[in-house]
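First comes the structure, then the notes that go with it.
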Amino acid sequence: MKFSPNYNIIEELKWRGLYHQSIPGTEELLMEEMVSGYVGFDPTADSLHIGNLVPIILLVHLQRAGHKPYALVGGATGMVGDPSGKKAERQLLSIEEIQHNLNAQKKQLEQFLDFDCGINSAEVVNNFSWFEPMSFLEFIRDVGKHISVNYMMAKDSVKNRLEEGMSFTEFSYQLVQGYDFYYLWKEKNIKLQMGGSDQWGNIVTGTELIRRKGEGKGFSLTAPLITKSDGSKFGKSEGGNVWLDPSKTSPYEFYQFWMNTSDDDAERYIKIFTLHQKAYIDNLINQHKETPHLRFLQKELAGFITQWVHGEEGYKTALSASDILFGKATAASLRELSESDFFSIFNGVKNKEVTDIDGINIVEMCADTGFLASKSEAKRALQENSVSVNSEKVTEEFIFSNTDLINGKYILLQRGKKNKFIIIKN
RNA sequence: GGGGAGAUACCAGAGCGGUCAAAUGGGGCAGACUGUAAAUCUGCUGCUUCGGCUACGUAGGUUCGAAUCCUACUCUCCCCA
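The numbering used here puts the first sequence at residues 71 to 496.
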């Protein structure tokens with residue numbers, strides 16, 4: 071039976087801004103037959119973060135177009151450490167840590183792909199399974215022999231580190247990843263590797279290995295690095311990563327991260343991070359331009375991804391929390407919330423339990439609960455007139471009393487618009 | 001192994017005996033304006049019982065007084081073998 075894809079994936083990726091480059095012939099291949107393609111994930115932490123979303127979305131598009139996606143978790147490559155884009159040698163993780171991280175990531179990957187849809191069901195593979203039984207001698211003889219040091223040295227990931235220095239371990243990384251591609255090509259008929267543009271060098275080492283050792287052809291496709299219009303790094307918030315794991319980044323924080331996208335970025339991100347049709351998106355962008363203050367793009371973007379990652383339930387809580395915190399939130403409306411509503415809405419906002427609040431000064435409260443770093447900082451914040459209690463601005467002289475407790479139990483502290491903290495009396 | 005340079009707050013980087021809790025820039029936080037946007041402008045950015053206290057790689061020393069001078073140590077970078 072002749073294969074015909076559901077859509078031209080390369081064209082799709084291009085208009086979405088998800089296409090950077092590919093090996094010639096990749097588009098033709100994808101139009102002709104059902105292709106098995108894979109993306110590798112590094113087990114550096116026990117959760118994926120939003121920087122991993124782009125490679126995941128590449129797999130999603132691959133599957134939606136009718137091809138077969140594989141997610142490779144890097145049990146072996148994680149032990150070596152990818153030097154791409156790194157300024158300094160990486161700290162090695164223990165085998166136990168890698169194993170733990172891998173299992174967590176595997177679970178997360180499973181929610182994005184369809185593992186039960188017949189012939190093009192997704193699969194997860196772990197490169198530890200083929201590297202573990204392989205001996206060092208076997209590797210340098212059968213793999214290393216095909217790739218010259220000159221070739222490896224020419225890679226940006228290596229060149230950029232020649233001044234600083236780089237261990238043999240990280241130098242070998244591209245060979246290890248390259249062998250993955252060769253192995254999958256040979257054993258599972260996987261012809262395509264995808265990834266971020268920073269992976270180009272590693273991917274090409276793989277196609278080179280396939281050509282020299284296997285006398286075959288591997289294909290590749292990369293997505294551009296996601297940038298922010300102000301030049302700062304995408305995917306960080308308050309200096310930390312934005313994780314997919316709700317215990318590391320709550321649905322509320324996750325939703326807020328996307329809500330805070332600037333207009334310029336939102337227009338690009340809505341194409342990249344949602345699966346909406348082109349016409350729908352164009353329409354949304356136009357609407358947004360007419361009434362930018364309504365933040366259509368940010369709401370749709372944040373809503374779509376939050377639902378995808380955290381489900382309907384997580385999205386709803388994030389949404390109602392945001393409505394209350396950024397909407398009309400007056401002391402009165404806060405007090406109207408039932409206790410269970412309050413806690414489900416503020417799940418994810420930092421909090422601290424205290425035994426007594428009556429008669430305590432605002433400065434002490436801010437510092438002692440850890441909301442602000444020190445009394446000095448609390449005083450400064452109060453002088454800036456940036457602190458509010460239950461959505462009402464307060465001054466340095468403010469003293470808490472039991473009547474400030476909402477439902478006799480909790481108090482909402484804020485510094486500025488975006489810093490929130492809850493005090494719970496028990 | 002030999003020679004040289006350096007280590008200052010979140011980062012970069014000035015200061016080279018008192019007036020230094022330390023210039024300036026970046027980052028961060030807040031205020032104004034707004035749309036939870038961008039840009040812009042403004043303020044803040046060690047702790048404190050508000051008396052002070054602790055801080056310029058570490059440990060000593062000189063001095064009325066040290067980030068600044070001396071000694072040793074640790075670490076980093078560069079050049080030569």
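In this text, a Cβ means the ideal position worked out from N, Cα and C, and glycines have one as well.
Quantities reported herein were computed from a predicted structural model and do not represent experimental measurements.
- Message: Determine whether the beta carbon atoms of I375 and W328 lie at a separation below 8 Å.
- Response: Numbered from 1 along the first sequence, position 305 holds the residue referred to as residue 375. Numbered from 1 along the first sequence, position 258 holds the residue referred to as residue 328. Between I375 and W328, the C-beta gap is smaller than 8 Å, which places the two residues in contact.
- Using 8 Å as the Cβ pair cut-off and three pairs as the minimum, do the segment 412-431 and the segment 478-491 touch? yes
- Within the same chain, show all residues whose beta-carbon is closer than 6 Å to that of A135, passing over the 5 residues directly before and after it, in chain order. By one-based count along the first sequence, residue 135 stands at place 65. Same-chain partners within the cutoff: P75, N76, Y77 and I79.
- Helix, strand or coil at V109 [DSSP, three-state]: In the first sequence, the residue the question calls residue 109 occupies position 39. Note: V109 maps to strand in three-state DSSP.
- Using the Cα positions of D250 and K225, report the straight-line distance between them to the nearest angstrom. Taking the first residue of the first sequence as position 1, residue 250 is located at position 180. Taking the first residue of the first sequence as position 1, residue 225 is located at position 155. Whole-angstrom Cα-Cα distance: 18 Å.
- Item | Cβ contact (3+ pairs, closer than 8 Å) linking the segment 102-109 and the segment 354-366 | no
- Query: How would you call E382, buried or exposed, if buried means at least 16 neighbouring beta carbons within 10 angstroms?
  - Reply: To locate residue 382, count along the first sequence from 1; it is residue 312. When all chains shown are included, E382 counts as exposed.
- Task: Taking P316 as the reference, give the member of G284, T275 and G384 with the closest Cα.
- Result: As a first step, residue 316 must be located in the first sequence, where it is residue number 246. Per the Cα distances, G384.
- Item | From V433, K445 and N472, residue whose alpha carbon lies closest to that of S458 | Locating residue 458 in the first sequence gives position 388, counting from the first residue. Ranking V433, K445 and N472 by CA distance to the CA of S458 puts V433 first.
- Quick one, which of S403, R485, D411 and Q244 has its alpha-carbon nearest L442's? Position 372 of the first sequence, counted from the first residue, corresponds to residue 442. Comparing Cα positions, the closest option is R485.
- Please list the segments of the alpha helix (DSSP H) lying wholly inside the segment 318-366, counting only runs of 4 or more residues, in order along the chain. 321-329, 333-343 and 348-360
- Item | Closest Cα partner of Y253 within the set L291, M204 and Q269 | As a position in the first sequence, residue 253 is number 183, starting the count at 1. Out of L291, M204 and Q269, M204 has the C-alpha closest to the C-alpha of Y253.
- Query: How about the segment 286-300 and the segment 85-96: do they share at least three Cβ pairs that are nearer than 8 Å?
  - Reply: yes
- Item | Where M101 sits in the DSSP three-state scheme | Indexing the first sequence from 1 puts residue 101 at position 31. In the structure shown, M101 sits in a helix (DSSP, three-state: H, G or I).
- Query: Which residues in the same chain as R282 place their Cβ atom closer than 6 Å to its Cβ, once the five residues preceding and following it in sequence are excluded?
  - Reply: By 1-based counting over the first sequence, the position of residue 282 is 212. Closer than 6 Å at the Cβ level, and outside the excluded window around R282, lie H216.
- Query: Going by the beta-carbon positions, is the gap between F54 and M435 smaller than 8 Å?
  - Reply: Nothing in the structure corresponds to residue 54, since the chain is present only between 71 and 496.
- Message: Pop quiz: R86 and K341 are said to be a contact at Cβ under 8 Å. What is the actual Cβ separation, rounded to whole angstroms?
- Response: Taking the first residue of the first sequence as position 1, residue 86 is located at position 16. Taking the first residue of the first sequence as position 1, residue 341 is located at position 271. So it is a contact: roughly 4 Å between Cβ atoms.
- Message: Quick check on G276: does DSSP put it in helix, strand or coil?
- Response: Here residue 276 is taken as the residue at index 206 of the first sequence, counted from 1. Of the three classes helix, strand and coil, the one that applies to G276 here is helix, per DSSP.
- Specify, as a first and last residue, the run of the alpha helix (DSSP H) that A141 falls within. Position 71 of the first sequence holds residue 141. Run containing A141: none in the alpha helix (DSSP H); it sits in the beta strand (DSSP E), K138 to V143.
- Task: Kindly give me the distance between the Cβ atoms of Q269 and S154, rounded to whole angstroms, as I take these residues to be in contact under 8 Å.
- Result: Your numbering for residue 269 matches position 199 in the first sequence. Your numbering for residue 154 matches position 84 in the first sequence. At roughly 7 Å, the Cβ-Cβ gap stays under 8 Å, so Q269 and S154 are in contact.
- Query: Around the C-beta of T151, are 16 or more other C-beta atoms found within 10 angstroms, so that it is buried, or is it exposed?
  - Reply: What you label residue 151 is simply residue 81 of the first sequence in a count that begins at 1. It should be noted that the sequence gives Gly, not Thr, for residue 151. Counting Cβ neighbours within 10 Å, G151 comes out buried, since at least 16 surround it.
- Message: Within 10 Å of its beta-carbon, does N330 have 16 or more other beta-carbons around it, so buried, or fewer, so exposed?
- Response: For the purposes of this step, residue 330 is taken as residue 260 along the first sequence, with counting starting at 1. Counting the other CB atoms within 10 Å of its CB gives N330 a total below 16, which places it among the exposed residues.
- According to DSSP, what are the bridge partners of R485? Numbered from its first residue, the first sequence carries residue 485 at position 415. DSSP, once it has assigned bridges, lists V457 and N489 as partnering R485.
- Task: Could you name the residues of the same chain whose beta carbon sits closer than 7 Å to that of V194, not counting the 5 residues immediately before and after it, in chain order?
- Result: Within the first sequence, the letter at position 124 stands for residue 194. For V194, where only same-chain residues beyond five positions count, the Cβ hits under 7 Å are A141, V143, K176 and L179.
- Task: With DSSP collapsed to three states, give me the class of E466.
- Result: Working through the first sequence from its first residue, we reach residue 466 at position 396. Coil at E466, not helix or strand.
- Rounded C-beta distance between L295 and T275? I'm assuming under 8 Å. On the first sequence, residue 295 is found 225 positions in, with the first residue counted as 1. On the first sequence, residue 275 is found 205 positions in, with the first residue counted as 1. Contact flag wrong, Cβ pair sits at about 20 Å.
- Message: Comparing C-alpha positions only, which one of F182, P113, L128 and A437 sits nearest to T61?
- Response: It is not possible to answer for residue 61, since the shown part of the chain is limited to 71 through 496.
- Rounded to a whole number of angstroms, what is the C-alpha to C-alpha distance between V109 and H346? As a first step, residue 109 is located in the first sequence; it is residue number 39 there, counting from the start. As a first step, residue 346 is located in the first sequence; it is residue number 276 there, counting from the start. One C-alpha to the other measures close to 23 Å.
- Message: Considering just the uninterrupted stretch of the alpha helix (DSSP H) at V479, what are its terminal residues?
- Response: Residue mapping note: residue 479 aligns to position 409 of the first sequence, counting from 1. Checking the sequence, you will find Lys at residue 479 rather than Val. Premise fails: K479 is in no alpha helix (DSSP H) and is neither H nor E.
- Could you spell out the range, first to last residue, of the alpha helix (DSSP H) harbouring L245? For this step, residue 245 is matched to residue 175 along the first sequence. Residues Y243 to K258.
- Query: Quick one: what does DSSP say A224 is sitting in, helix, strand or coil?
  - Reply: Sequence index remark: in the first sequence, residue 224 carries index 154 (1-based). Note: A224 maps to coil in three-state DSSP.
- Task: Alpha carbon to alpha carbon, how far is I210 from L128? Give it in angstroms, no decimals.
- Result: The residue given as residue 128 occupies position 58 in the first sequence. The residue given as residue 210 occupies position 140 in the first sequence. Each residue's Cα considered, the two are about 32 Å apart.
- Item | Separation of E278 from L132, as counted between CA atoms | Residue 132 sits at position 62 when you count from the first residue of the first sequence. Residue 278 sits at position 208 when you count from the first residue of the first sequence. Spanning the two alpha carbons is a distance of roughly 23 Å.
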